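One structure below.
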Amino acid sequence: MVITETKLKGAFVIELDQFKDARGFFARAWSDHEFVAAGLTATFVESNLAFNEKKSTLRGMHYQLPPYAQVKLVRCTRGRIYDVIIDLRRGSPTFKQWFAVDMSADNYRMLYVPEDFAHGYLTLEDKTEVFYQTSSYYAPDHGRGVRWNDPTFNISWPVDPLVMIDRDSEYEDFLF
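Numbering-wise (the numbering used here), the sequence shown opens with residue -15 and increments by one.
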């Protein structure tokens, strides 16, 4: 695995180190040894799968409060997404900054999302599937979010979402 830190400290794009031959390729998609060596959380307690029927479906921007704050390891396993994270760590030099990465079933990228980051994505193809692991259990009473188009963050989305749930469009402006 090739683990590369993004402009947001503690967030990483992970790419597979592919060993190719006539059959195709082989790559290690997970190694707790490599994660620990890179200083990353290597313990995940839940795995989740989200299927999105339509292109331009938005899910996010979500996070959980302590003691259920989550590290996430996200991968697009079918289709393509524009995956976005926002640093919500007060005192961080990148507080309120965002980062995005294009992930697809074809590029095999993963995104490591630290605790106290909002996370969401926009599908860029129909029938897109996203698989992610979390370091703590889903706790709905600790779930929070920020609006996808909040001017505080000024995220540059490739297209406007066409499908989203009311909750994701109705979060209040971020006031930190």
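Where is the CB? At the ideal position from N, CA and C, for every residue including glycine.
Since we're looking at a predicted model, the values are computed, not measured.
Problem - Entirely enclosed alpha helix (DSSP H) segments - the stretch 47 to 105, minimum 4 residues - result: none
Exercise for the section: State the Cα-Cα distance for the pair residue 49 and residue 118, rounded to the nearest angstrom. Expected result: 14 Å
Problem - Of the listed residues 104, 85 and 81, nearest to residue 94 (C-alpha basis) - result: 85
Problem - Under the three-state DSSP convention, the category residue -4 falls into - result: strand
Exercise for the section: Report yes if the CB atom of residue 116 is closer than 7 Å to the CB atom of residue 58, and no otherwise. Expected result: yes
Exercise for the section: Identify, in the order they occur along the chain, each residue of the same chain with its Cβ nearer than 8 Å to the Cβ of residue 63, setting aside the five sequence neighbours on each side. Expected result: 36, 88, 89, 107, 108, 109, 110, 111, 112 and 113
Exercise for the section: Can you grab the Cα-Cα spacing for the pair residue 174 / residue 9, in whole Å? Expected result: As displayed, the chain neither begins before -15 nor continues past 160, which places residue 174 out of reach and without an answer.
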